[in-house]
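Number of protein chains: 2
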Amino acid sequence: MRILMVAWMNREALAETAATGRAVYFSRSRGRLWRKGEESGHFQRVREIRLDCDGDVVLLEVEQQGGIACHTGRHSCFFSRLVDGRWVAVDPVLRDPEAIYRKDANDVSGKEDRNG
Amino acid sequence: MRILMVAWMNREALAETAATGRAVYFSRSRGRLWRKGEESGHFQRVREIRLDCDGDVVLLEVEQQGGIACHTGRHSCFFSRLVDGRWVAVDPVLRDPEAIYRKDANDVSGKEDRNG
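Those protein sequence lines, which keep their order, are chains A and B.
Sequence positions in the first sequence follow numbering that gives the first Met the number 0 and run 0 to 115.
Sequence positions in the second sequence follow numbering that gives the first Met the number 0 and run 0 to 115.
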């Protein structure tokens, strides 16, 4: 098991996640639900939903479609490691983000706001 | 590997964690650094420190002293599972919190604010 990512949820995101078995988050930058994989195809099938002891963190155990959770094309968002006081990217890019997020060449919208 | 807990850090907490190899968080309720285990003895020895892709979440891989990270006496804070629309505690209490946090019987301060 690896830790893939951390994102925000609101009540609606959690309800839809529980109902559909697919991870849904709340994108604060977009101000709307973010159905993980909606752009990248990298959906997350939810195996289990857990809550922490003070009830403010939800933990999803998922099967990561495509093995890529991160918008950089890596398995996990936690690909940087602290080494001698510096953050060093230690995990490989599995797929070029340009290939993951390729759309109509005329459509450059949303490029600043990739969320997987 | 299990996910044990989520807590806040500030710059000072991260710096001390990196310097000492023991997990240090920032307790928002106490308004000060929280050296995990300072009350419970359940220290965390840090094996690796990672950062996520947008640089706002730090991941500590730790050895959990006593095998108990949660103030409820459980291994992990994520002991509740969503089952048929309800949160159900599914993991066992390994040690009675009263035993973990026992102090001078006259000292009842901080009981509302156990943080492990």
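A virtual CB, placed ideally from N, CA and C, is assigned to each residue, including glycine.
Please read these numbers as outputs of a predicted model, since none were measured by experiment.
*Where does Gly36 of chain B land, buried or exposed, given buried means 16+ other C-beta within 10 angstroms?*
The Cβ neighbour count for Gly36 of chain B, taken over all protein chains shown within 10 Å, is at least 16; the residue is labelled buried.
_Among B:Arg34, B:Ala17, B:Asn9, whose alpha-carbon lies nearest the alpha-carbon of Gly84 of chain A?_
B:Ala17
*Taking a Cβ distance cut-off of 8 Å, strictly less, list which residues of the stretch 74-90 of chain B are near chain A, in chain order.*
Cys76, Phe77, Phe78, Ser79, Arg80, Leu81, Gly84, Trp86
*Could you check how far apart the C-beta atoms of Gln43 of chain A and Arg21 of chain A are, in whole angstroms? I think they sit under 8 Å.*
Between Gln43 of chain A and Arg21 of chain A the beta-carbon gap is near 7 Å, inside 8 Å, which marks them as a contact.
_I want to verify the contact list: residues of chain A whose CB lies under 8 Å from the CB of Ala17 of chain B, in sequence order._
Within 8 Å Cβ-Cβ: Leu81, Gly84.
_Distance cutoff 9 Å, beta carbons only. Does Met8 of chain A sit that close to anything in chain B?_
no
_Run through chain B and tell me which residues come within less than 7 Å of Arg46 of chain A, C-beta to C-beta._
Chain B residues near Arg46 of chain A: none, gap ~11 Å exceeds 7 Å.
*asked:* Just verifying my parser: in three-state terms, what is the DSSP assignment at Leu3 of chain B?
replied: If DSSP states are grouped into helix, strand and coil, Leu3 of chain B belongs with coil.
_Cβ of Ile99 of chain A within 9 Å of any chain B Cβ_ = no
*Helix, strand or coil for Arg49 of chain B, going by three-state DSSP, please let me know.*
Residue state, collapsed to three classes: strand.
*asked:* Taking the alpha-carbon of Arg27 of chain B as reference, which of B:Ala6, B:Asp90, B:Pro91 has the nearest alpha-carbon?
replied: Distances from the alpha-carbon of Arg27 of chain B to those of B:Ala6, B:Asp90, B:Pro91 put B:Ala6 closest.
*May I ask you to report which of helix, strand or coil DSSP gives Arg94 of chain B?*
coil
_Contact check, Leu81 of chain B vs Glu47 of chain A, beta carbons under 9 Å_ = yes
*Given 8 Å as the limit, is there contact between the stretch 59-72 of chain A and the stretch 84-100 of chain B, that is, 3 or more CB pairs closer than that?*
no
*Relative to chain A, which residues along the stretch 37-62 of chain B have a C-beta separation below 7 Å, given in chain order?*
Glu47, Ile48, Arg49, Leu50, Asp51, Cys52, Val56, Leu58
*Look up Glu15 of chain B in the DSSP assignment and say whether it is helix, strand or coil.*
helix
*Pull up the distance between the alpha-carbon of Met118 of chain A and that of Cys69 of chain A, whole angstroms please.*
As displayed, chain A neither begins before 0 nor continues past 115, which places residue 118 of chain A out of reach and without an answer.
*Who are the Cβ neighbours of Leu13 of chain B in its own chain at under 7 Å, not counting the five residues just before and after it?*
Val57
_Is Gly109 of chain B close to chain A? Criterion is C-beta to C-beta, closer than 9 Å._
Here the model assigns Gly109 of chain B a pLDDT of 42, short of 50, so the residue's position is not dependable, and the following value carries that caveat. It does not: the Cβ of Gly109 of chain B has no partner Cβ on chain A nearer than 9 Å.
*Could you check how far apart the C-beta atoms of Phe78 of chain A and Cys52 of chain B are, in whole angstroms? I think they sit under 8 Å.*
7 Å
*asked:* My assumption, with CB atoms under 8 Å, is that Asp90 of chain B sits in contact with Ser75 of chain B. Please give the rounded CB distance.
replied: 7 Å
*Three-state secondary structure (DSSP) at Asp103 of chain B?*
Here Asp103 of chain B scores only 49 on pLDDT, less than 50, and its place in the model should not be relied on; the value that follows carries that caveat. Residue state, collapsed to three classes: coil.
*Where Arg29 of chain A falls, given that 16 or more other Cβ within 10 Å makes a residue buried*: exposed
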